[in-house]
Amino acid sequence: MKRVLNFSAGPGVLPVPVLERAAAEMLDWQGQGLSVMEMSHRSDAFIDIAARAEQGLRTLMGVPDGYRVLFLQGGATLQFGMVPMNLRREGAGADYLDTGQWSKKAIEEARKSGPVNIVASGAASKYTCIPPRGDWACDPAASYLHYTSNETIGGVQFHHVPDAGAVPLVCDMSSDILSGPVDVSRFGLIYAGAQKNIGPAGLTVVVVRDDLLGRAPKSTPAMLDYAVQAASESMYNTPPTWAIYIAGLVFDWLQDLGGMDEVARRNAEKAKVLYDLFDGTEFYRCPVASADRSVMNVPFTLRDASLDEPFLREAEAAGLQQLKGHRSVGGMRASLYNAMPLSGVRSLAAFMCDFERRHG
Ligand SMILES: *Cc1c(COP(=O)(O)O)cnc(C)c1O
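Each residue of the sequence shown is one higher than the last, beginning at 10 in the numbering used here.
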């Protein structure tokens, strides 16, 4: 069996021990004589799987009492719509920080339901840095303030939680959730599609403060109402059972590694391999401001764009896959999610140095 090094931005690499365990339990989950995929979501066995997954996430993130964990569907993209549907107070505006492609998608969707105030935008810098907090024009009466903690395409990441005052802070953490410790008590709501750093596509995690439930208008479809989902323990309809099971295994794996502090240490070490490489050459270039560089998604360009194609072809042949940058920005992007080992990043760096030697 041969496994490639998968640098995809999503769906991303999963931990081998998790895949091995899922494979071992595929035909007969813990003596039940069936796979998790075939279980009733109302069975004791599955209710226990879901409860353990929730507990795993709560422990890792240190989710305080007073917050609900929801396992939903529709991806982060559905949250772009659900957040304003549920949290917007009648007639009130919503504050959004614009740091790149994913922020813009969230903003577009929020505009459909009412006024949106862009507190600051990274557009002038071509989204290569986070606008300084002092320059944000926040509305103290906003229903909430939304930001994207890690721009998966641009490679810009917050390394701290911004101050939102008394306004509920809402964060799209799709591509850096569980990449390190975060103080959940600072947030009103956190959401993330699972397929970057949690598990299979099809699951969306929402962590929401109790007081923000029950604000959706009566006309809101049940499936899109956080309060309905919370009241039914995320089982208003059939949840994505398989994805929840795998997510639970990933949470256990992260805990076994040592929890969020250790995971953050590993991720910083991995990212440093590439950022140090960029600092020592003009052949490769990372456009992102040093202070805002992402540890999860590392975009870079080659000095000579005519080498892009041979770079990708040779990388692929060397087992280094999915390095092509997003179609909107071009160049390359290496995604270094939790399940990408340090040895994988070192292999990429060694390939890059060798490629430069041959083509530089
Ligand atoms: C991938 C991604 C999304 C979109 O996620 P879907 O689950 O495909 O809807 C939104 N925001 C960020 C930051 C992402 O990385």
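We treat Cβ as the ideally placed atom computed from N, Cα and C, and that holds for glycine.
Please report the residue range of the alpha helix (DSSP H) in which residue i lies.
i, result
"residue 322", "317–326"
"residue 306", "That residue, residue 306, is in no alpha helix (DSSP H); its beta strand (DSSP E) goes 306–311."
"residue 287", "269–288"
"residue 254", "250–266"
"residue 53", "53–70"
"residue 361", "351–368"
By the DSSP assignment, the beta strand (DSSP E) with residue i in it spans what residues?
i, result
"residue 157", "154–157"
"residue 129", "125–130"
"residue 198", "198–202"
"residue 77", "76–81"
If we count the other Cβ atoms within 10 Å of its Cβ and call it buried at 16 or more, is residue i buried or exposed?
i, result
"residue 208", "buried"
"residue 290", "exposed"
"residue 197", "buried"
"residue 276", "buried"
"residue 121", "exposed"
"residue 36", "exposed"
"residue 33", "exposed"
"residue 333", "buried"
"residue 39", "exposed"
"residue 361", "buried"
"residue 117", "exposed"
"residue 5", "Residue 5 falls outside the range modelled here, since the chain spans only 10 to 369, and no answer is possible."
"residue 93", "buried"
"residue 65", "buried"
"residue 43", "exposed"
"residue 13", "exposed"
"residue 10", "exposed"
"residue 250", "buried"
"residue 227", "exposed"
"residue 230", "exposed"
Can you tell me whether DSSP reads residue i as helix, strand or coil?
i, result
"residue 293", "strand"
"residue 217", "strand"
"residue 244", "coil"
"residue 107", "strand"
"residue 235", "helix"
"residue 343", "strand"
"residue 179", "strand"
"residue 95", "helix"
"residue 23", "coil"
"residue 333", "strand"
"residue 338", "coil"
"residue 118", "helix"
"residue 30", "helix"
"residue 165", "strand"
"residue 12", "coil"
"residue 224", "coil"
Is residue i near ligand 2 - that is, is its Cβ less than 7 Å away from at least one heavy atom of it?
i, result
"residue 184", "As presented, the structure is devoid of ligand 2, carrying ligand 1 as its sole ligands."
Could you tell me how far apart the beta carbons of residue i and residue j are, in whole angstroms, since I believe they sit closer than 8 Å?
i, j, result
"residue 202", "residue 188", "Actually they do not touch by this definition, with Cβ atoms about 14 Å apart."
"residue 15", "residue 264", "Actually they are not in contact, since the Cβ atoms of residue 15 and residue 264 sit about 23 Å apart, beyond 8 Å."
"residue 279", "residue 222", "Rounded, the Cβ-Cβ distance is 37 Å, inconsistent with contact."
"residue 48", "residue 55", "5 Å"
"residue 296", "residue 308", "7 Å"
"residue 174", "residue 149", "7 Å"
"residue 211", "residue 58", "15 Å between Cβ atoms; not a contact."
"residue 137", "residue 298", "6 Å"
"residue 216", "residue 76", "6 Å"
"residue 164", "residue 303", "5 Å"
"residue 369", "residue 292", "5 Å"
"residue 1", "residue 349", "The structure shown does not extend to residue 1, since the chain is modelled only from 10 through 369, so no value can be given for it."
| message | Under 8 Å: do the region 169–181 and the region 148–158 share three or more Cβ pairs, one atom per stretch? | response | yes
| query | Does the region 241–254 touch the region 80–88, meaning 3 or more C-beta pairs lie closer than 8 Å? | reply | yes
| task | Check whether the region 158–177 touches the region 105–119, taking contact to mean three or more Cβ pairs, one atom from each stretch, closer than 8 Å. | result | yes
| request: Would you check if there are 3 or more beta carbon pairs closer than 8 Å linking the region 142–149 to the region 115–132? | output: yes
| message | Could you check whether the region 251–264 touches the region 17–31, counting it as contact only if at least three pairs of C-beta atoms, one from each stretch, sit closer than 8 Å? | response | yes
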